[in-house]
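What follows is one structure encoded as structure tokens, with my remarks underneath.
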Ligand code: AMP
Ligand code: ZN
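In our numbering, the protein residues as written are 6 to 471.
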């Protein structure tokens with residue numbers, strides 16, 4: 006039975022989607038003012054594990070991830086660079102997908118951009134104004150927190166004493182907001198030189214929170230199953246999303262809230278503002294593979310913090326290499342026909358432990374332990390020639406199932422046939438005889454690219470797979 010910790014109830018709950026067999030989920034995606042750091046990717050990766058596991062359980066998943074491509078930093082940076090917002094963010098959106106693909110994350114079904122959904126945000130703000138949840142002040146529009154008694158139900162922060170209500174108006178004239186905690190839905194941008202959109206509510210630009218309410222409800226409906234994001238978003242972002250959406254519709258906005266713990270560096274959250282961050286590119290430039298970064302980030306369950314160290318990353322690199330070697334050894338193992346019943350039972354047990362771990366609030370470390378125990382047992386079976394043909398097929402199938410969720414064994418490489426390899430080697434020898442060394446080197450490189458290492462020995466050329 007699949008269970009998650011729901012931030013809203015604070016409890017572990019059985020997951021049951023609204024519509025049988027289908028899941029609607031929204032993940033608060035990146036703000037594309039710069040390259041994402043690997044902390045950001047820890048959250049994106051956890052959303053990937055979540056969607057993949059839901060698919061593993063047989064659900065049809067509609068996953069929406071927004072791209073925040075307008076906010077104050079983006080406006081300031083694009084102006085500094087003398088570029089339009091679209092031209093400025095294009096580079097970071099391209100980089101985002103490059104990193105996403107390299108990390109082996111599946112792309113969400115729907116990826117709405119804030120700048121393409123301003124009319125939907127304006128419509129939602131109009132709805133909030135009509136129902137008295139929002140007010141205009143000095144050209145900007147604010148959400149009236151006092152109008153939403155449930156405010157604080159997600160973060161469990163008690164605002165009772167803090168919100169200046171109707172009877173407590175003494176100081177409020179000093180603010181352009183009625184209450185210091187009210188937040189902007191629409192920021193006035195009166196001059197044509199400022200970034201803004203002309204709208205019936207006045208020329209302006211949207212606040213960050215309204216974008217997620219408008220886009221999630223547009224694509225997933227007024228109530229949907231799962232809303233996920235980093236732990237930092239619980240307050241105020243998600244609390245505000247609830248106030249906006251439920252204020253406008255009067256319906257429950259999200260049924261399960263799932264929040265991912267952060268990647269830390271020496272006890273502090275990895276973040277741009279603290280300067281203690283590594284982008285994916287920084288880590289790749291130090292020679293680490295994307296597969297190792299993925300393994301490192303998913304090796305700790307989403308609900309626990311991870312501390313980033315290069316040693317841990319180096320450890321992940323070794324583990325990933327070990328997993329790939331294991332799969333290659335299994336694929337290439339020569340087996341006799343038949344089925345070893347004990348090994349079949351070991352295989353079934355690993356499958357069951359993997360699923361039990363993932364069912365338990367996506368406990369990836371239990372799932373990985375099941376995989377590592379299995380590889381150990383199978384390695385022993387291969388060495389002692391106890392692996393039979395049926396076992397091999399069951400195991401290869403199970404690795405595929407595991408990888409449909411964790412994607413740590415990686416794509417299967419097209420294994421070249423020995424004869425194809427030999428033909429390339431013969432062609433290289435022929436080129437060397439002709440003293441066409443350029444061609445010979447080209448063929449050596451081509452073979453290296455295919456993972457074939459050549460050794461020139463006195464008995465001729467030997468080759469092996471990397
Ligand atoms: P941003 O680009 O800042 O909007 O963040 C994109 C996503 O990354 C959000 O879901 C954040 O909660 C998440 N995030 C930011 N910093 C970290 C971190 N150090 N570890 C994990 N997730 C993070
Ligand atoms: Zn959001």
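For glycine and all other residues, C-beta sits at the position ideal for the given N, C-alpha and C.
Contact annotation: residue 156 and residue 97 have beta-carbon atoms that are not nearer than 9 Å.
Burial of residue 59 is indicated by the presence of at least 16 other C-beta atoms within 10 angstroms of its C-beta.
Your pair residue 302 and residue 50 checks out as a contact, with CB atoms roughly 5 Å apart and the cut at 8 Å. CA-CA distance, residue 184 to residue 139, rounds to 12 Å. Per the C-alpha coordinates, the member of 108, 146 and 230 positioned closest to residue 214 is 146. The count of Cβ pairs closer than 8 Å, one atom from the segment 353-361 and one from the segment 292-300, stays below three, leaving the stretches out of contact.
Neighbourhood of ligand 2, defined by CB distance below 5 Å to any of its heavy atoms: 33 and 217, in chain order. For residue 27, the three-state secondary structure derived from DSSP is strand. Annotation: the continuous alpha helix (DSSP H) that includes residue 426 extends over 423-438. Using a 10 angstroms sphere on the CB of residue 315, the tally of other CB atoms stays under 16, which defines it as exposed.
At a Cβ-Cβ threshold of 9 Å, residue 236 and residue 261 do not count as neighbours. Within 10 angstroms of the beta-carbon of residue 390 lie fewer than 16 other beta-carbons, which makes it exposed. The secondary-structure analysis by DSSP pairs residue 68 across a beta bridge with 30. Counting along the chain, the unbroken beta strand (DSSP E) around residue 19 starts and ends at 16-19. By the 16-neighbour rule on beta-carbons within 10 angstroms, residue 102 is exposed. Under the DSSP assignment, residue 230 falls outside any alpha helix (DSSP H), being part of the beta strand (DSSP E) whose first and last residues are 229-235. Residue 11 is bridged by DSSP to 16. Beta-bridge analysis with DSSP links residue 262 to 232.
Between residue 368 and residue 306, the C-beta spacing is below 9 Å.
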